[in-house]
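Structure record follows, encoded as structure tokens.
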Amino acid sequence: MSFQYDTVPVLKDAQLTICDGDFMGIVGPNGSAKSTLVKLLLGLLKPQQGEISIMGQPIEAFKDWQKIGYISQKVRNFNVGFPATVEEIIAANLYYEMGFFKFLRKKHHEKIDRALEIVNMTDYKKRLIGTLSGGEQQRVFIARTLISNPKVIFMDEPLVGVDIASQDKFYTLMDKLNREMGITLIMVSHDLGVITEHTNRVACLGNQEVFTHDSKTFNQEEYIKSVYGEKAKLLHHRH
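Heads up: the sequence shown runs through residues 923 to 1161, numbered per our numbering.
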């Protein structure tokens, strides 16, 4: 597929296949259309040329969007004084199930409790969302996504502003969702080194193209030189 903003092309003849059970990382320099690619795959944008299919159906005909979860970059950009509890934030994703009067029934509370249990946030159910740390908030929004039992979850740079300890917990949770629960994960990240250690496949964006690699054989230095130029060097650092 190809896509452009006004007269500025950002993707040209791009090809990408995401397989059931993948944990795919999407990486690339700023402006390489990582977020744009995700929005195209979610039907939020339409390509000027080419086709997109989800679960064997053309995206225009796909109706079962409850199977697709999406955590955007802006999900935590809210007023910290917003008077909503963790339970209320998660319950917002059950709105379509609540019926005419929009009351939470026993089955809804059970779903909320199960989602919080999965992300290890059961004790935070009655806490105000604005009082939580960045990592805790991120797990709450993952729980909100899990409430509809998705088959696929897209995440657009979910670890921005999250400390290292919380990042470790995040990847432990991702491993649980992917390997134990069989959820396909697609995650945009700016951290090239870390994302390739946790995913099984990586889609690299650069020069308006998409290149897909197996994470185990992915050569970071070659990719960086191909995107940033021959003078670019990879600085290794471990903490």
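Ideal Cβ positions, reconstructed from N, Cα and C, are used throughout, including at glycine.
Check, Outcome
"Buried versus exposed call for Arg1027 [16 or more other C-beta atoms within 10 Å across all chains shown]", "exposed"
"Continuous beta strand (DSSP E) assignments of at least 3 residues falling wholly in the region 1069-1113", "1074-1078 and 1106-1110"
"Cross-strand partners of Arg1123 (DSSP beta bridge)", "Met946 and Asp1136"
"Validate contact between the region 1054-1065 and the region 1078-1090 using beta carbons, cut 8 Å, 3 pairs", "yes"
"Three-way DSSP call (helix, strand, coil) for Gly1056 in this model", "helix"
"Assigned secondary structure, Thr958 (DSSP; H/G/I helix, E/B strand, else coil)", "helix"
"Cβ separation of Asp1078 and Ile993, assumed to be a contact under 8 Å, to the nearest whole Å", "7 Å"
"Where the alpha helix (DSSP H) containing Ile990 begins and where it ends", "It is not in any alpha helix (DSSP H) - Ile990 instead sits in the beta strand (DSSP E) that spans Ile990 to Ile993."
"Where Ile1064 sits in the DSSP three-state scheme", "helix"
"Pair within 7 Å by beta-carbon distance, Val1008 and Lys1033", "no"
"Beta carbon of Pro931 nearer than 7 Å to that of Gly991", "no"
"Phe1023 versus Ile1011: straight-line alpha-carbon distance, rounded", "For Phe1023, the pLDDT reaches just 46, beneath the cut-off of 50, and the residue's location in the model is therefore unreliable, although a value from the coordinates is still provided. If I take the Cα positions, the gap works out to 18 Å."
"C-alpha gap between Leu1114 and Met1103, whole angstroms", "25 Å"
"Straight-line gap, Gln995 to Ser1111 (C-alpha atoms, nearest Å)", "11 Å"
"Inter-stretch contact at 8 Å, needing at least 3 Cβ pairs: the region 1091-1105 / the region 938-949", "yes"
"Extent of the continuous beta strand (DSSP E) to which Leu933 belongs", "Val930 to Leu933"
"Environment of Leu1016 [buried if 16+ CB atoms lie within 10 Å]", "buried"
"Candidates Ile1040, Ile976, Arg1049 and Trp987, of which the one nearest Thr939 by Cα", "Ile976"
"Length of the line joining the Cα atoms of Ile1051 and Phe1004", "8 Å"
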